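What follows is one structure encoded as structure tokens, with my remarks underneath.
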Amino acid sequence: MNVLLIGSGGREHALAWKLAASPLTGKLYAAPGNPGIAQEATLVDLTISDHRAVENFCKSHEVALVVVGPEAPLVAGLADHLEGAGIKVFGPRAAAAQLEGSKSFTKHICAANNIPTGKFAEFHNREAAKKYVQQTGAPIVLKADGLHAGKGVVVAMTLAEAMAGIDQVFDMTGKSGVPVVIEEFLEGEEASFFCLVDGETVLPLASAQDHKRVFDGDKGPNTGGMGAYSPTPVMTKELEQRALEEIVKPTARALAKAGTPYRGVLYAGLILTREGPKVIEYNVRFGDPECQVLMPRLKDDLLTLLLAACDGTLGKMSVRWHDLSAITVVLASKGYPGEYQPGSEIRGIERAEAIEGVTVFHAGTKLQGGKLLATGGRVMNVTATGKTLKEAQSRAYQAVDAIDWPGGFCRRDIGWRALAR
Ligand code: AMP
Ligand code: GLY
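Just so we're on the same page, my numbering is the position in the sequence shown counted from 1, plus 109.
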């Protein structure tokens, strides 16, 4: 069958790589894609926000399934439109995508269904928010409702930071009328837990751990993620079972009961507290860069699993994984997550990929005049598998060193928490 993949990052390159390997895939299209995705798929120039244009493309190219990588098109109702036109979509409709689109929506689902999460309050007024934080004290977490490309959260460790943070998140929500959520600071290690969901059926996939801070040792500002590995020893079988029963299943049931069933991959961002896993956020898509370490470990056919979620047959499926560890190191433009200079040349990806177990996923690159140039903040994901995490890590950094890109940098300690255990 012909498949259209929506997106242009490293996550979508990993999805394209796995979809292209499926015996069920006929023609694989990607919109807008990137030079790495172009090795696996035919790139098409579509305006994703023009849902009618996406529909027309699917109809004229006999596309049987649309796989949506990022959250924004889902929150904007792309799945609603395409399903309305009789086209199958992997990814939730807008109402269910509110799990990522609105922090407030998620907090209310949790509160109403006894799903473990931090205590919270929400505010439309900055003075009231400041008064509240004067009482609670720090550390405290401030979240602007709505999609803010991962920049809508302030973790304030002191009262002064909290006061400045309140102004910052209120400035982000602006006049949109959405609230600011103020949440209890949760202590513990973070883990990402991925499940396929169709209505009330939940099929757990795997866990991964991201590295959100820009510098080694988890220092510096938050980013979209500087590297990831899977599996994560901190997420034991027992904790995974608890996250499934106490968090993901009740969430799926709540949405189904509300008449807005979830279909797609549900990414639970967890903090493993002393009392057990608590949810800090939901994402309605695969993680980026977590997807880049899940795909190389997945033994089963990805397209079969995505179709089962769309067709409501997940209950009959199981998932098998290679007995390997995977790690991905994000190469980012110098200056990221602040300002950076795009356009520097990247060389040596072939040398990196010649190393056993290594695949380089493109995130923010473009081809120009036969040269590969950096265009984004996060530019490449150097990914490696190995029999152990240590082996995967050493292959990944060997591959990083084979790449010649003076305009970039990476963290040198991806995987440290697991290796330090
Ligand atoms: P989010 O965008 O919700 O993933 O938040 C960004 C980062 O802020 C997370 O990866 C956590 O490191 C941190 N964070 C979010 N909520 C909390 C919380 N309640 N307690 C502690 N840290 C949090
Ligand atoms: N890696 C974090 C995210 O995808 O949201």
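Even for Gly, the Cβ is constructed at its ideal location relative to N, Cα and C.
All figures in this text were calculated on a predicted structure; none of them were measured in a lab.
When the Cα atoms are used, residue 218 and residue 280 turn out to be separated by approximately 26 Å. Check the Cα spacing between residue 413 and each of 134, 317 and 336: the tightest is with 134. In this structure, residue 399 lies near residue 317, with their beta-carbon atoms less than 8 Å apart.
Between the ligand GLY and residue 421, a heavy atom-to-CB distance of less than 7 Å is absent. For residue 490, the uninterrupted beta strand (DSSP E) segment begins and ends at 487-495. Taken in chain order, the complete alpha helix (DSSP H) segments of 4 or more residues contained in the segment 395-463 are 399-403, 411-420 and 458-462. With respect to the C-alpha of residue 408, the residue from 232, 431 and 312 having the closest C-alpha is 431. Inter-segment contact for the segment 190-207 and the segment 168-176 is present: three or more beta-carbon pairs are separated by less than 8 Å.
Under a 10 Å Cβ-count criterion, residue 344 is classified as buried, with 16 or more other Cβ atoms of the shown protein chains found around its own Cβ. The beta strand (DSSP E) runs lying completely inside the segment 166-190 and spanning 3 residues or more are 172-177, given in chain order.
A straight-line Cα-Cα distance of about 8 Å links residue 444 and residue 450. Annotated three-state conformation of residue 249 is strand, per DSSP.
Per the DSSP secondary-structure output, residue 265 pairs in a beta bridge with 249. For residue 506, the enclosing alpha helix (DSSP H) starts and ends at 498-511. Short of 7 Å from the beta carbon of residue 171, and not among the five residues preceding or following it, lie these beta carbons of its own chain, in chain order: 111.
Membership of residue 301 in the beta strand (DSSP E) is indicated by the continuous run 298-307. Only residues of its own chain outside the window of five on either side were considered, and among them 442, 482, 483, 514, 515, 516 and 517 have a CB closer than 8 Å to the CB of residue 453, listed in chain order.
Note on geometry: alpha-carbon atoms of residue 114 and residue 190 lie some 16 Å from one another.
The way I'd put it, the segment 374-389 doesn't touch the segment 238-249; fewer than three beta-carbon pairs between them come closer than 8 Å.
Under DSSP, residue 476 takes part in a beta bridge, and its partners are 481. Between residue 233 and residue 288, the CB-CB gap stays under 8 Å. For the 8 Å CB-CB criterion, residue 338 and residue 435 form a contact. For the set 456, 467 and 487, the Cα lying nearest the Cα of residue 476 is the one of 456.
Judged by DSSP in its simplified three-state form, residue 158 adopts coil rather than helix or strand.
The alpha-carbon of residue 325 is positioned some 33 Å away from that of residue 182. Counting other Cβ atoms within 10 Å of its Cβ, residue 193 stays below 16 and is therefore classed as exposed. Across the set 229, 128 and 142, the C-alpha of 128 shows the shortest separation from the C-alpha of residue 136.
When rounded, the separation of the alpha-carbon atoms in residue 462 and residue 404 is 16 Å. Between the segment 357-373 and the segment 269-286 there are fewer than three C-beta pairs closer than 8 Å, too few to call the two in contact. Assigned with DSSP and collapsed to three states, residue 327 falls in coil, not helix or strand.
Closest option to residue 158, judged by alpha-carbon separation, among 148, 166, 131 and 187: 187. Distances taken from the Cβ of residue 252 to the heavy atoms of the ligand AMP include one shorter than 7 Å. Residue 512 sits close to residue 440, with the two beta carbons spaced by under 8 Å.
In the DSSP assignment, residue 232 falls within the unbroken beta strand (DSSP E) covering 229-232. In the DSSP secondary-structure assignment, residue 374 is bridged to 305. In this structure, residue 333 sits near residue 487, with a CB-CB distance shorter than 8 Å.
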